[in-house]
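Before any comments, here is the structure.
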Amino acid sequence: MSIQPTGLRAWLLTDTPTSRHHARMAAYYQAWLSLKSNHMAMFGLGILLLLVILAAFAPILAPAAPDFQILDLRLTPPVWVSDRDPNIDGFILGSDSLGRDILSRLLYGSRITLYIVALVALIAPIAGLFVGTVAGYTGGWIDIILMRITDIFLAFPRLVLALAFVAALGAGIENAVLAISLTAWPPYARIARAETLTIRNSDYIHAVRLQGAGFIRIITKHIWPLCISSLVVRVTLDMAGIILAAAGLGFLGLGAQPPMAEWGAMISEGRRFILDHWWVATMPGLAIFTVSLAFNLLGDGMRDVLDPKEGKS
Amino acid sequence: MTNLLDVENLWVRFPTRNGIFDAVRGVSFSLGKERLGIVGESGSGKSMTGRAILRLIRKPGMVEADRMDLDGVPLLTRTEKEMRSVRGQKISMIMQDPKFSLNPVMRVGKQISEAYRLHNRVSKAEAKAKTLEMLEAVAIRDVERVYEMYPHEVSGGMGQRIMIAMMLIPNPEIMIADEPTSALDVSVQMQVLEIMDKLVVERGMGLIFISHDLNLVSSFCDRVLIMYSGRVVETLKADQLHNAQHPYTRGLLDSLPRLDAPVDRLSVLQRDPEWAKAESVTS
Amino acid sequence: MNAFRSAILGAAVALAAGVTTVPAMAETPANMLVIANRIDDITTMDPAQSFEFAGSDVSHNIYSKLVNFDPADLDAGYGPDLAASWTVSEDGRSITFTMREGVLFASGNPVTAADAEYSLRRAIILNKTPSFILSQFGFTPENVEETIVADGNTLTITTDQRYATSFVLNCLTATIGGIVDSKVVMEHEVDGDMGNEWLRTHTAGSGAYVLTSWKPNESVTLTANPNWYGGEVAMQRVVVRHVQESSTQRLMLERGDIDVARNLSPEDVAGIREADGLVVDSELRGRLMYMSMNQKNEILSNPKVVEAMKYLIDYEGMQDSFLNGQYVIHQAFLPATYLGAIDDTPYHLDIEKAKALLAEAGYPDGFEVNLVVREAQERIDIAQSLQNTMAQAGITINITVGTAKQILGEYRARTHDIYLGAWGPDYPDPNTNAGTFAYNPDNSDEAGATGLLAWRNAWAIPEMSNETLAAVIENDRDTRAAMYEALQREHQQVSPFAIMFQKIEQTGRAENVQGLSLGGAITAVSYWNVTK
Amino acid sequence: MALAETSPKGRRKSSPFTRFLIKAGKTVMAISVTMLGLLFMTFVIGRVMPVDPVLSIVGERASQEMYDAEFIKLGLDKPIVVQFFYYIRDVVTGNFGISLRTGFPVWNDIVRVFPATMELATIGTILGVLIGVPLGVLAAVKRGTWIDQIARVVALIGYSMPVFWIGLIGLLVLYGMLGWIGGPGRLDVFNEDIIPPVTGMILIDSALARDWFIFKDALSHIILPASLLGYYSLAYISRMTRSFMLEQLSSEYITTARVKGMSERAVIWKHAFGNIKVQLITVIALSYAGLLEGSVLTEIIFSWPGIGSYITTSLLSADMNAVMGGTVVVGLVFVLLNVFAELLYKFFDPRAK
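Residue numbers (my numbering), protein chains in the order written: chain W, -11 to 301; chain D, 7 to 289; chain Y, 232 to 763; chain E, 29 to 381.
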């Protein structure tokens, strides 16, 4: 065999882990290495890191406040467009129908996108994980009831459910997040249940049970950690859908409220001008597209690495 | 005696994150119309050797050899298309577990007749007749019914007999049996082996029998290669097994329970990293 | 054509070069008028119930009325339609119409005074939403036998008191004044519904067109009525297709798939102006855009605050930017072209003045209020502009966007702070707006006068309500006009309504389409004068 | 079944017919429970909406008396449990009430709009399957190569595209500028109402009537929105196909097939693909169901009078009868598609019998 690596790398690459922690770290490192060899996934990850940085430094980077209006300079084209009035300063990506700087709105909007994504990514999978593991582990009537409820939510047209929910609680970003989570959890519950069913009867769980571990302890300490990886993959792949759903709600006017610079709402505002002032809808459209694609690339790469179903040779 | 197969300095390599992994390292042997056993523990490269002969090592794995000739003609330089007429027709292989090695959604009969029709231009009816005949040859009763069955409906022993029928039907010159009985119940193991042995002998084929079971191999084969860590550490006539020199072979023998010489405690197999570094022995 | 479009076009053409040639523009048939419009508000075709813009448009072309407007000359006011002439009694309470002779319904039945009697009584008895337009004259289901009476070739209607004749006749031009074919309708009566269910999806009128098909949210198709007394129309078929997006309407118009596009954004209007073979018409409509402040809110009930707010609206800025060409500044409750309408615009954006007023009111640092607005882009834009200018005087506006019905519920329950919305007149008489903006006889919650905008904003105005009442019975046209003018000037000063704009409908049409009248501020669209 | 006794598990149970009845009964039970839950949820949504259903009917200018009369007429004065009971009773008898927005019985509206969505979703799914399946197979076979990467990017772009934006651009270029395709709506305006509706799907109806002119027109209108939906389902189907294929390609029976001397093409299509067909059916059914309910924004952009835009616009205008009815129907179709996929699974997969 080839050269033996040394140091931390060696520790992480070991065939003979010295502890459970060590083994887990080694497994993560292996996963990371194979993810790293996937250029597209890395590209996606890079974009997302960039997004986080942009969001964090939005106040410094943005040339203007996101809702500062100059009505006289509305619908100014981006700087590179030839028929733009050369006397106008700023508005690198153009201005919108109220004369606001699109670049600044995009930068501030990235915060909202991240906020939505982070919240949904927290709420939906955890709810799904909880329902799925409880159903899978306890079985019997509880399982039947919980899975029936999951089916009902699955059968419900997703956008309609989200719309109805937002309409009921009132438009707004938090409610949009809740609504999207409400439609997003059932698939996670199904995945978690399937995983739990395979884990439940393993010798390892029997052993833990024989040691006297309680229901909650088994679920939280022994089942949840094993479900996490497939859920993480699924969440990452779902992110694009979540962003698009949030944008769809914004598009229908039920997401972020004005003057919030939410990307979907920006598209919705800008679509009226799509024929003559293409940049107003296109800039946020590209932003949404880029971030969705980044999440998809990363998620797809992670699936290759983490999902046992992919059948690694 | 002309050899059916000559292998010289065969290497199978896989690139990994930590460099190149050599699964088979410089193995050489020849096969006539005989029964050659390859023995070793899991990971010793014995299955890889079998698959390398059929050139079924999947990318990015690489197969290299100074010589790998079938009937004196090189195998490594053949195109993929030429290899296809080798596989099945000249060299065939029986795999470990019929549960996995039979296509689960295809009727048994169709899978067998497909193997025949690939190499013989015959009508469906002829292929079926031939298949039924072959099923009978592997001691299956009620062949018409089995012909229509799906793999999950047959038992392990019957599955492996079906596998044998499928692999023998094009009448190959060489049969590679890769642990053909290790997934079966002990009660049917011998039955299956006997059928295979009988057919191979009847048809005058060369047999490469891959197994981790030294006793089985020695009782069943003419010659044995012992592999360790990708290398052939020793090669022996089956009846000379008790004369084995290599400490690894000795270890293997000692770790087997023997009815004729019971011991209180089986010895633990000792390994020496030096063995892995030594050159392969040539048979 | 701008850079982006040329770039895309270039790329696409390059892709297709030599493979496909660009086909000729599509063209609609010569005797067919195709219109793109938003028609998702139509819920019924029954003139006694229909009360929406798109519904009125259809009804107007299907049902003749006793009196009506001439689409070629809207300024002339109402004129004879099915009634050839009319006389007013001494006491001013009764009007007797003499029916036009020889007019047939689309079914072939003759149009008689009995049909007119049936139609008006039916509207009162059914008591659907728009019935107030007639019942405000004292007609009730109980008294119609006496108050609406046909006799031979004449129909006499008797009101509960003296009203301006113009007021009554203007109301009869509303959709609810449509005359239905009583024989056909009665044939389709189910459970005493006077054919209401059948007329929802069918028509039985004597107008220029008959309804051939109505697919909700998709299209309405009209075909010419061969029996129409006005003679043969050039457009034998009229199809109104529901198209939600302005840009889509524009594309269809540019492609020649439609003749007229009715919901164009200012940007698309500008685009169509540049296109060959297309023209843009602008027509002043009756709808007003206003902001109102709930007087239940302690801060907003302060007159100084109300006045300050009116100075914190960038009227010109909005009119000249995103509302360009679609709204014109208008600050009184009667739309221009209505009797007594004024064009005073006392308010303009004046932050300093507003700040001074706020300081006087005791809010030098401003305050925070909520504003509710319906999910419609132009309204949201206006709201954001308000938010922006008011912030400059320290007032923080929180915008809540909701669906139309949601916002309306809040408005009617008087739980809003500030409402931003539009109001369209119901019939072409000044009372239609005076009676809601400047009339609120009982401001108590129990009154539940949810139909009155003044009540909705909890604005108690006993005296002004009386002035409004006085104006409807004044029969001298000039005096009446003067009364409304005075009423509006007072309203402008003291009311919690900041009326901002009046709607201009900009329609894109193919050059060859002539004679289309949208009905101005007073009535609905007419297709019968259209030629191509 | 004759093979029962040779089956390794060989459970000896009551007759096959009884077993079938039990199975069928269970399925029907499951469907009913799901539908009941769906009804309950739609009912709750109808209740908690901060929109006044009475006001939606009587309109902005109505008087208090008119309002009260309608309130009683709708049964809103009854206890909520009674209202729910009435609701269930109505739905079971096929009465979804009158749509406030269109004035038609909701059922009639659904019968009118559903075929439009079905036509769109069907063409979309066909496109998605025809392109997505081969793409997924190719990506799996050529795993790790540039072909795989391209297939991946193509699919992921499909997932990431905001359809409302790309739809408008597509209309602008293909219809507005080039005139290659038909505009919004299902037909050119002057071609409407010519073909008598049989199935409500214009492509089928015009083909039945042998009116190829209308057929061509309908095709030119459906092609862009269906392609957009198809792209979406292509993305999903190709990724799932790839994943399934990879799983199969690493199986032992594939080696067996190769050992037999089969060509790679036959190995892939006959053996590996033969094994994923069943899984694919489920995926396709799910993606079809997804298109049926998920085409809202596409329908809005293309003025396509389908069920998605029907429910959404009804919701936005507080037309709860329409929302409830539409949702129940879509939910039912979703559930039935699932059951259907399961049945196909049982039919095609010998192991499931």
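Positions of the beta carbon are idealized from the N, C-alpha and C atoms, including for glycine.
task: Determine the closest residue to E:Y316 out of E:W297, E:M290 and E:L257, with distance taken between C-alpha atoms.
output: For the purposes of this step, residue 316 of chain E is identified with residue 288 of the fourth sequence, where counting begins at 1. Selected option, being the one with the closest Cα: E:L257.
message: Helix, strand or coil for Y:I730? Go by DSSP, reduced to three states.
response: One-based indexing of the third sequence puts residue 730 of chain Y at position 499. Looking at Y:I730 - three-state DSSP - the assignment turns out to be strand.
message: Which runs of the alpha helix (DSSP H) at least 4 residues long sit entirely within the segment 521 to 545 of chain Y? Give them in chain order.
response: 534 to 541
query: Which residues share a DSSP beta bridge with D:F215?
result: The count along the second sequence starts at 1 and reaches residue 215 of chain D at position 209. Per DSSP, D:G43 and D:A183.
field: Cβ shell of W:K24 (< 8 Å), same chain only, five flanking positions each side left out
entry: The count along the first sequence starts at 1 and reaches residue 24 of chain W at position 36. The residues are M30.
field: Short Cβ contact (7 Å threshold) for Y:P659 with Y:S696
entry: Position 428 of the third sequence, counting from 1, holds the residue named residue 659 of chain Y. Position 465 of the third sequence, counting from 1, holds the residue named residue 696 of chain Y. Cβ atoms of Y:P659 and Y:S696: not closer than 7 Å.
message: Quick check: what's the CA-CA separation for Y:A465 versus W:D60?
response: Locating residue 465 of chain Y in the third sequence gives position 234, counting from the first residue. Locating residue 60 of chain W in the first sequence gives position 72, counting from the first residue. Computed Cα separation, rounded: 45 Å.
task: Would you check if the distance between the CB atom of E:T405 and the CB atom of E:G334 is smaller than 7 Å?
output: The displayed coordinates of chain E run from 29 to 381. Any statement about residue 405 of chain E would go beyond what the structure contains.
field: Euclidean distance between Cα positions of Y:L430 and W:V119
entry: Residue mapping note: residue 430 of chain Y aligns to position 199 of the third sequence, counting from 1. Residue mapping note: residue 119 of chain W aligns to position 131 of the first sequence, counting from 1. In a straight line, the C-alpha of Y:L430 is about 52 Å away from that of W:V119.
task: For W:H27, go through chain Y and note every residue whose CB falls closer than 9 Å to its CB, in chain order.
output: Residue mapping note: residue 27 of chain W aligns to position 39 of the first sequence, counting from 1. Per Cβ cutoff of 9 Å: no residues; W:H27 is ~28 Å from chain Y at best.
- prompt: Assuming Y:V491 and Y:T762 make a contact with CB atoms under 8 Å, what is their CB distance in whole Å?
  reply: Here residue 491 of chain Y is taken as the residue at index 260 of the third sequence, counted from 1. Here residue 762 of chain Y is taken as the residue at index 531 of the third sequence, counted from 1. Not a contact, Cβ separation roughly 13 Å.
message: At the 7 Å Cβ level, is D:A29 part of the contact set with chain E, yes or no?
response: By 1-based counting over the second sequence, the position of residue 29 of chain D is 23. False, the Cβ-Cβ gap to chain E never drops below 7 Å.
message: Can you look up E:F112 in the DSSP assignment and give me helix, strand or coil?
response: Counted from its first residue, the fourth sequence places residue 112 of chain E at position 84. Correct three-state label for E:F112: helix.
- request: Can you check DSSP and say which residues form a bridge with Y:C654?
  value: For the purposes of this step, residue 654 of chain Y is taken as residue 423 along the third sequence, with counting starting at 1. Sequence inspection shows Trp at residue 654 of chain Y; the Cys mentioned does not correspond to that position. Y:W654 is bridged to Y:L519.
task: Output yes if chain E places a C-beta closer than 7 Å to the C-beta of D:Y156; else output no.
output: Along the second sequence, one-based indexing puts residue 156 of chain D at 150. Answer yes: the Cβ-Cβ gap between D:Y156 and chain E drops below 7 Å somewhere.
- prompt: Helix, strand or coil for E:S188 per DSSP?
  reply: The residue labelled residue 188 of chain E in the question sits at position 160 within the fourth sequence. Note: E:S188 maps to helix in three-state DSSP.
- request: Step through the CB atoms of chain W and report whether any lies within less than 7 Å of the CB of E:L257.
  value: The residue you call residue 257 of chain E lines up with position 229 of the fourth sequence. E:L257 does not count as touching chain W.
- prompt: Along chain E, which residues have their Cβ under 7 Å away from the Cβ of Y:G679?
  reply: For the purposes of this step, residue 679 of chain Y is taken as the residue at position 448 of the third sequence. Within chain E, the residues near Y:G679 are Q92.
query: DSSP three-state call for Y:Q467: helix, strand or coil?
result: As a working note, residue 467 of chain Y is residue 236 in the third sequence. Coil.
message: Beta-carbon within less than 8 Å of Y:H722's beta-carbon, same chain only, minus the 5 sequence neighbours each way: which residues are those?
response: Within the third sequence, the letter at position 491 stands for residue 722 of chain Y. Counting only Cβ-Cβ distances below 8 Å, and skipping sequence neighbours, we find A563, F564, F668, A669, M695 and F728.
Presumed contact (8 Å Cβ cut-off) between Y:I410 and Y:S295, rounded CB distance: On the third sequence, residue 410 of chain Y is found 179 positions in, with the first residue counted as 1. On the third sequence, residue 295 of chain Y is found 64 positions in, with the first residue counted as 1. Confirmed, about 6 Å.
query: Whose Cβ in chain E lies nearer than 8 Å to the Cβ of D:F106?
result: Against the second sequence, residue 106 of chain D aligns to sequence position 100. Near D:F106 (Cβ distances below 8 Å), the residues of chain E are S279, E280 and Y281.
task: State yes or no: is the beta carbon of Y:S444 nearer than 7 Å to at least one beta carbon in chain E?
output: As a first step, residue 444 of chain Y is located in the third sequence; it is residue number 213 there, counting from the start. Chain E, which has a Cβ nearer than 7 Å to the Cβ of Y:S444, makes this yes.
query: Taking the continuous alpha helix (DSSP H) assigned at E:K298, which residues delimit it?
result: Your numbering for residue 298 of chain E matches position 270 in the fourth sequence. Careful: E:K298 lies outside any alpha helix (DSSP H) and carries neither H nor E.
message: Quick check on the burial criterion: 16 or more other C-beta atoms within 10 angstroms. Buried or exposed for Y:T634?
response: On the third sequence, residue 634 of chain Y is found 403 positions in, with the first residue counted as 1. Its Cβ being crowded by 16 or more others within 10 Å, Y:T634 is buried.
- request: Under the assumption that W:L303 contacts W:I187 (Cβ atoms under 8 Å), give the Cβ distance between them as a whole number of angstroms.
  value: What the structure shows of chain W is the stretch from -11 to 301, and residue 303 of chain W is not part of that stretch, so it cannot be assessed.
message: So, for Y:M549: in the same chain, excluding its five sequence neighbours on each side, which residues have a beta-carbon less than 7 Å away from its beta-carbon?
response: In the third sequence, the residue the question calls residue 549 of chain Y occupies position 318. So the qualifying residues of the chain are I613 and S616.
field: Anticipated Cβ contact below 8 Å, D:L124 with D:M99, distance rounded
entry: As a first step, residue 124 of chain D is located in the second sequence; it is residue number 118 there, counting from the start. As a first step, residue 99 of chain D is located in the second sequence; it is residue number 93 there, counting from the start. With 8 Å as the limit, D:L124 and D:M99 do not qualify as a contact, their Cβ atoms being about 15 Å apart.
- prompt: Whose C-alpha, out of W:R260, W:L281, W:G202 and W:D191, is nearest the C-alpha of W:A228?
  reply: Here residue 228 of chain W refers to the residue found at position 240 of the first sequence. Nearest option by C-alpha distance: W:L281.
Given D:M140 as reference, the closest of D:M202, D:S107 and D:G162 once Cα atoms are compared: Counting from 1 along the second sequence, the entry for residue 140 of chain D is found at position 134. Closest by alpha carbon: D:M202.
message: Please report whether the beta-carbon of Y:Q615 lies at a distance below 7 Å from any beta-carbon of chain W.
response: Translated into the one-based positions of the third sequence, residue 615 of chain Y becomes position 384. Closer than 7 Å to some Cβ of chain W, the Cβ of Y:Q615 qualifies, so yes.
query: My guess is that E:M57 and E:G359 are in contact by the Cβ rule of under 8 Å, so how many angstroms apart are they, rounded?
result: On the fourth sequence, position 29 is the one that residue 57 of chain E refers to. On the fourth sequence, position 331 is the one that residue 359 of chain E refers to. About 16 Å; that fails the 8 Å criterion.
- prompt: Along chain W, which residues have their Cβ under 8 Å away from the Cβ of E:V363?
  reply: As a position in the fourth sequence, residue 363 of chain E is number 335, starting the count at 1. Under the 8 Å cutoff, chain W gives D139 and A143.
task: Identify the continuous alpha helix (DSSP H) that holds E:M205 and give its terminal residues.
output: Taking the first residue of the fourth sequence as position 1, residue 205 of chain E is located at position 177. Run containing E:M205: none; DSSP gives neither H nor E here.
task: Check D:I146 in the structure and name its three-state DSSP category.
output: If you number the second sequence from 1, residue 146 of chain D lands on position 140. DSSP places D:I146 in coil when its eight states are reduced to three.
task: Using a cut-off of 8 Å between C-beta atoms, extract the partners of E:R171 located in chain Y.
output: Taking the first residue of the fourth sequence as position 1, residue 171 of chain E is located at position 143. Near E:R171 there are no residues of chain Y at all, since even the closest Cβ is about 31 Å away, more than 8 Å.
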